[in-house]
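Colleague: Protein chains in written order, with this note's numbering: chain P, 1 to 138; chain F, 139 to 276. Quick one: this structure, given as structure tokens, is what I'll be asking you about.
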DNA sequence: TTTTAACTAATAATCATTATTATCTAAAAA
DNA sequence: TTTTTAGATAATAATGATTATTAGTTAAAA
Ligand SMILES: [Mn+2]
Ligand SMILES: [Mn+2]
Ligand SMILES: [Zn+2]
Ligand SMILES: [Zn+2]
């Protein structure tokens, strides 16, 4: 997925391709972490100093509705967002909240097997494993 | 898991086995839905009319820390809780929020395969699929 | 270039969750 | 059984992430 494709998707669904929308999407796309709305706002504000946090939330909702990003909610912390919408494993530390992505063909194949077994087609999915990271293990 | 086992777990970890804790756990256990804190409070209040919603939240945190329940957070709605802590599929409708549990050996086996492949041992896990339910499909 | 529905920015409001604290009680000890 | 007390509950206040509102702005179609 890139900027051009997103512009196409937005227009096809009757939405305007505004610089704010593109910047927010590209920020998440380029982030190796799973950033929060506030982190996204902080970063994107560097290029668009007048951007509102409200706008960030609105855009995040729109991108979710279009299936372009995934929101991960956790206890005691702000939601985290990612553009990796393919079936993959999020390994999450309950100590520090760090999230690591693990992609593998095993997972993709498992997911289609699951859709087959239970006869559904998912719009999106979420696969999380919780375990203490090396730093927090002590 | 039953009341007696929970009493044992609580005491082993230095917590008191209070009637509130047992009642909240048993309510979730007996619920086929994935109830919210408020729903739990409403139900348990029938037997314990002075129970506070604060207490419900406190107990829910404790039970999570002991690995006895799982919290599922979603956009725009209160957290939902369940006692099914084995690897299983939650099929969730983005329309009405309904959650259906699907247990299968495929999933349990997949999960241990995954732990093997990526060399971790999960304290807990979450596997969600999002798709419109039959009612909302129209 | 003009037009306008859609969008953004700023701000206020919401409400699920968490913090605080006085009172109470489970359960260990006497 | 009674006493003791650390830990738990109930009531209430506070928090803060998210959502609602609205006046002004703009993407993009004509
Ligand atoms: Mn991820
Ligand atoms: Mn479940
Ligand atoms: Zn950690
Ligand atoms: Zn539904």
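Built from N, CA and C at the ideal position, the CB exists for glycine as well. Quick caveat: nothing in here was measured; it's all calculated off a predicted structure.
(1) Report yes if the C-beta of residue 237 of chain F is less than 8 Å from at least one heavy atom of ligand 2; otherwise report no.
(2) Would you say the beta carbon of residue 1 of chain P comes nearer than 8 Å to a heavy atom of ligand 1?
(3) For residue 153 of chain F, decide whether its Cβ has a neighbour in chain P, counting only Cβ atoms nearer than 9 Å.
(4) Determine the contact status of residue 166 of chain F and residue 219 of chain F, defining contact as a CB-CB distance below 9 Å.
(5) Let me know the secondary structure DSSP gives residue 229 of chain F once reduced to three states.
(6) Taking the Cβ atom as the reference point for each residue, do residue 245 of chain F and residue 227 of chain F lie within a distance shorter than 9 Å?
(7) Cβ closer than 9 Å: which chain F residues qualify as neighbours of residue 106 of chain P?
(8) Which class does residue 36 of chain P belong to by DSSP, given the choice of helix, strand or coil?
(9) With 9 Å as the threshold, decide whether the Cβ of residue 122 of chain P is near any Cβ in chain F.
(10) Do we get a CB-CB distance below 9 Å when we pair residue 97 of chain P with the residues of chain F?
(11) If you measure from the CB of residue 114 of chain P, is any heavy atom of ligand 6 nearer than 8 Å?
(12) Identify each residue in the stretch 39-56 of chain P for which the Cβ-Cβ distance to at least one residue of chain F is less than 9 Å, and report them in chain order.
(13) Can you find a C-beta in chain P that's less than 9 Å from the C-beta of residue 220 of chain F?
(14) Taking residue 143 of chain F as the reference, give the member of F/195, F/201, F/177 with the closest Cα.
(15) Along chain P, which residues have their Cβ under 8 Å away from the Cβ of residue 232 of chain F?
(16) Have a look at F/179, F/233, F/237 and flag the residue whose alpha-carbon is nearest the alpha-carbon of residue 170 of chain F.
(17) Which word fits residue 173 of chain F, buried or exposed, when buried means at least 16 other C-beta atoms lie within 10 angstroms of its C-beta?
(18) Under 9 Å Cβ-Cβ, which residues of chain F neighbour residue 25 of chain P?
(19) For residue 38 of chain P, count the other beta carbons within 10 Å of its own beta carbon; 16 or more makes it buried, fewer makes it exposed. Which is it?
(20) For residue 194 of chain F, count neighbouring C-beta atoms within 10 Å of its own C-beta (all shown protein chains included) and say buried if the count is 16 or more, exposed if not.
(21) Quick check on residue 61 of chain P - is its C-beta less than 9 Å from some C-beta in chain F?
(22) Shorter than 9 Å from the beta carbon of residue 78 of chain P to some beta carbon of chain F?
(23) Quick check for students: name the residue ranges of the beta strand (DSSP E) that lie wholly in the stretch 90-131 of chain P, counting only runs of 3 or more.
(24) Contact defined as beta carbons within less than 8 Å: I believe residue 162 of chain F pairs with residue 182 of chain F. What is the distance between those atoms, to the nearest angstrom?
(25) Does any residue of chain F bring its CB to less than 9 Å from the CB of residue 68 of chain P?
(26) Is the beta carbon of residue 241 of chain F sitting closer than 9 Å to the one on residue 222 of chain F?
Modeller: So, from the data block:
(1) As a working note, residue 237 of chain F is residue 99 in the second chain. Residue 237 of chain F: yes, Cβ under 8 Å from ligand 2.
(2) Position 1 of the first chain, counting from 1, holds the residue named residue 1 of chain P. Placement of the Cβ of residue 1 of chain P at a distance of 8 Å or more from every heavy atom of ligand 1 is found.
(3) In the second chain, residue 153 of chain F corresponds to position 15, counting from 1. Taking Cβ atoms only, chain P never reaches closer than 9 Å to residue 153 of chain F, which makes this a no.
(4) For the purposes of this step, residue 166 of chain F is identified with residue 28 of the second chain, where counting begins at 1. For the purposes of this step, residue 219 of chain F is identified with residue 81 of the second chain, where counting begins at 1. Yes. Within cutoff.
(5) Here residue 229 of chain F refers to the residue found at position 91 when the second chain is read from its first residue. Of the three classes helix, strand and coil, the one that applies to residue 229 of chain F here is strand, per DSSP.
(6) Looking up residue 245 of chain F in the second chain gives position 107. Looking up residue 227 of chain F in the second chain gives position 89. Yes. Within cutoff.
(7) Translated into the one-based positions of the first chain, residue 106 of chain P becomes position 106. By Cβ distance, chain F contributes 248, 251, 252, 255.
(8) The residue you call residue 36 of chain P lines up with position 36 of the first chain. Three-state DSSP puts residue 36 of chain P in a strand.
(9) Your numbering for residue 122 of chain P matches position 122 in the first chain. Closer than 9 Å to some Cβ of chain F, the Cβ of residue 122 of chain P qualifies, so yes.
(10) Here the question's residue 97 of chain P lines up with position 97 in the first chain. Between residue 97 of chain P and chain F, the shortest Cβ-Cβ separation is not below 9 Å.
(11) No copy of ligand 6 occurs in the structure displayed; its ligands are ligand 1, ligand 2, ligand 3 and ligand 4 alone.
(12) Within the stretch 39-56 of chain P, no residue places its CB atom closer than 9 Å to a CB of chain F.
(13) Residue numbering aside, residue 220 of chain F sits at position 82 when the second chain is read from its first letter. Residue 220 of chain F is outside the set of residues whose beta carbon lies under 9 Å from a beta carbon in chain P.
(14) Translated into positions along the second chain, residue 143 of chain F becomes position 5. Residue F/201 holds the alpha-carbon nearest to the alpha-carbon of residue 143 of chain F among F/195, F/201, F/177.
(15) As a position in the second chain, residue 232 of chain F is number 94, starting the count at 1. 123, listed in chain order.
(16) Here residue 170 of chain F corresponds to residue number 32 of the second chain, with the count starting at 1. Proximity to residue 170 of chain F across F/179, F/233, F/237 peaks at F/237, based on C-alpha coordinates.
(17) Counting from 1 along the second chain, the entry for residue 173 of chain F is found at position 35. Taking all protein chains in view, the Cβ of residue 173 of chain F is crowded by 16 or more other Cβ atoms within 10 Å, so the residue is classified as buried.
(18) Within the first chain, the letter at position 25 stands for residue 25 of chain P. By Cβ distance, chain F contributes nothing, its closest Cβ being about 18 Å from residue 25 of chain P, past 9 Å.
(19) One-based indexing of the first chain puts residue 38 of chain P at position 38. Exposed.
(20) Taking the second chain and counting its residues from 1, one reaches residue 194 of chain F at position 56. Classification of residue 194 of chain F: buried, given that the 10 Å Cβ count is 16 or more.
(21) In the first chain, counting from the first residue as 1, residue 61 of chain P sits at position 61. Closer than 9 Å: yes.
(22) If you number the first chain from 1, residue 78 of chain P lands on position 78. The beta carbon of residue 78 of chain P does not come within 9 Å of any beta carbon belonging to chain F, so the residue lies off that interface.
(23) Along the stretch 90-131 of chain P, the beta strand (DSSP E) occurs as fully enclosed runs of 3 or more residues at 99-102, 124-130, listed in sequence order.
(24) Here residue 162 of chain F refers to the residue found at position 24 of the second chain. Here residue 182 of chain F refers to the residue found at position 44 of the second chain. Sure, about 6 Å apart at Cβ, within 8 Å.
(25) As a working mapping, residue 68 of chain P is identified with position 68 in the first chain. Closer than 9 Å: no.
(26) Counted from its first residue, the second chain places residue 241 of chain F at position 103. Counted from its first residue, the second chain places residue 222 of chain F at position 84. In this structure, residue 222 of chain F lies closer than 9 Å to residue 241 of chain F by Cβ.
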